[in-house]
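In full-length UniProt numbering, the protein residues as written are 1 to 429. Here is the structure we will look at, set down as structure tokens.
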């Protein structure tokens, strides 16, 4: 018969690995570099997934247009290669550097947005929000305005944080700047992008500590402006379509949403297979752009859509972690603005695809095809990664790990070189 003391020892021994595992997870979560690795890892995976799905979802339409099946993919890969060095440089700038460039960056962004009123302007599907810089090269200034406004709000609201209980200090100078940027976007009839700006500004004001009474007034004013902007027959039709509009006719307002739902439904749990989508054969409009999430659901199934949601959730968790851990108000506010922009835009895009939100033409960040959106998002994530590197203790921890890696490479390289044929000396023996 086993003694009670032996049973207790056995129970204690079995509990040790579980306790050790919990302690290990806790130590990793509390690490100064956790936010950094979460940001880098989730961003990289979303970027790679986006490139793969752009190739899969665009090849058929490219062939139908008489182009190479890789045309859209190669363009997207080119934009990714352009955005990568910008992202790396942005991740190396300290918060003080962003304070110095905040005002010039906003001025440049507004100037670029004003170019939509010049002959350089290019209209697409009723929206006048692009400018042409040459044959086959257009940019969307509003995407870069998001980055500039997020940094600028962080700088301005941080300086006035103790005065934000007074609505006058909220209105000046933030009000005119936000009004100009968002107003120019709405003049270009791009309501979807204007709504993303609203999320960006709301995130910045909330983390800055603006009282809820002021938030309520701003929300009412914003809702009124959105209602006015949405009162056109086309936009109103999109809103009513989510409650059961036309779906069978390809020219019907609800057709795109219906095809997206069919793509998601046909994917099942594991999908029909990468590249095997049927909806991308000219049935689903914008399959490689605004509705790429539907193709992900069709080809990769529920697992693929959950992976996308998980990666955006990781980005959101990392940004919240930076907001909680970083001591500087400017960093907190800017991170909140960028987080509400990227995560909010992702949720709106997914909501459009599954029929919960009217079609308003916003891409899935890092995943949908589109050069300006991709580069601007990568730049914004680079800024947040720089803040993650600036968390207390993060730079020292990253430097220590980099030093260990360099020493390990030096040791391995030296040993390989000695085995490669160099005469052995007495020092090697």
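A virtual CB, placed ideally from N, CA and C, is assigned to each residue, including glycine.
- For residue 173, the CB contacts under 8 Å within the same chain, skipping 5 residues up- and downstream, are 156 in chain order.
- In this structure, residue 82 lies away from residue 385, with their beta-carbon atoms at least 7 Å apart.
- Taken in chain order, the complete alpha helix (DSSP H) segments of 4 residues or longer contained in the segment 291–335 are 292–325.
- Sixteen is the threshold: when 16 or more other Cβ atoms of the shown chains lie within 10 Å of the Cβ of residue 325, as they do, the residue is buried.
- Sequence-distant Cβ neighbours of residue 188 in its own chain, meaning closer than 7 Å and more than five residues away, are 116, 127, 128 and 129.
- Residue 218 and residue 114 have their C-alpha atoms roughly 25 Å apart.
- Per DSSP, residue 59 lies in no beta strand (DSSP E) segment; the continuous alpha helix (DSSP H) that holds it begins and ends at 34–64.
- Under the three-state reduction of DSSP output, residue 122 falls in the strand class.
- With a contact defined as Cβ atoms closer than 8 Å, residue 360 and residue 195 qualify at about 7 Å.
- The alpha-carbon separation between residue 290 and residue 349 amounts to approximately 7 Å.
- Our two residues, residue 380 and residue 147, have alpha carbons roughly 6 Å apart in a direct line.
- For the pair residue 35 and residue 388, the CB atoms are nearer than the 7 Å cut-off.
- Counting every other CB atom within 10 Å of its CB across the protein chains shown gives residue 211 a total below 16, marking it as exposed.
- The segment 158–176 makes no contact with the segment 84–97: fewer than 3 CB pairs, one atom from each, lie closer than 8 Å.
- Of the other Cβ atoms in all chains shown, 16 or more fall within 10 Å of the Cβ of residue 363; this residue is therefore buried.
- By the Cβ test, the segment 326–344 is not in contact with the segment 280–298, since fewer than three Cβ pairs between them sit closer than 8 Å.
- Close CB contacts of residue 273 within its chain, under the 7 Å cut and outside five residues either way in sequence, are with 299 (chain order).
- Between the alpha carbons of residue 208 and residue 311 lies a distance of about 26 Å.
- Residue 20 counts as exposed, since fewer than 16 other C-beta atoms from the protein chains shown sit within 10 angstroms of its C-beta.
- When the alpha-carbon of residue 372 is set against those of 59, 158 and 78, the nearest one is in 78.
- By the beta-carbon neighbour count (other beta carbons within 10 angstroms, threshold 16), residue 168 is exposed.
- Counting along the chain, residue 142 sits inside the alpha helix (DSSP H) bounded by residues 141–159.
- Across the structure, residue 71 and residue 59 are spaced so that their CA atoms are roughly 8 Å apart.
- Beta-bridge partners assigned by DSSP to residue 128: 123.
- One alpha carbon belongs to residue 175, the other to residue 365, and they sit about 27 Å apart.
- DSSP, read as helix, strand or coil, puts residue 284 in coil.
- For residue 254, the closest C-alpha among the options 142, 358, 61 and 133 is that of 358.
- In this structure, the alpha-carbon of residue 287 lies about 26 Å from that of residue 316.
- Distance from the Cα of residue 152 is smallest, within the candidate group 136, 105 and 122, for 105.
- DSSP places residue 205 inside the alpha helix (DSSP H), whose first and last residues are 191–208.
- Its chain contains 155 and 330 as the residues whose beta carbon lies nearer than 7 Å to that of residue 99, once the 5 sequence neighbours on both sides are disregarded; these appear in chain order.
- Here residue 137 carries a strand assignment [DSSP, helix/strand/coil].
- By a beta-carbon distance limit of 8 Å, residue 294 contacts residue 284. Their separation comes to about 6 Å.
- Excluding the 5 residues flanking it on each side, residue 260 has same chain C-beta neighbours closer than 6 Å at 291, 294 and 353, in chain order.
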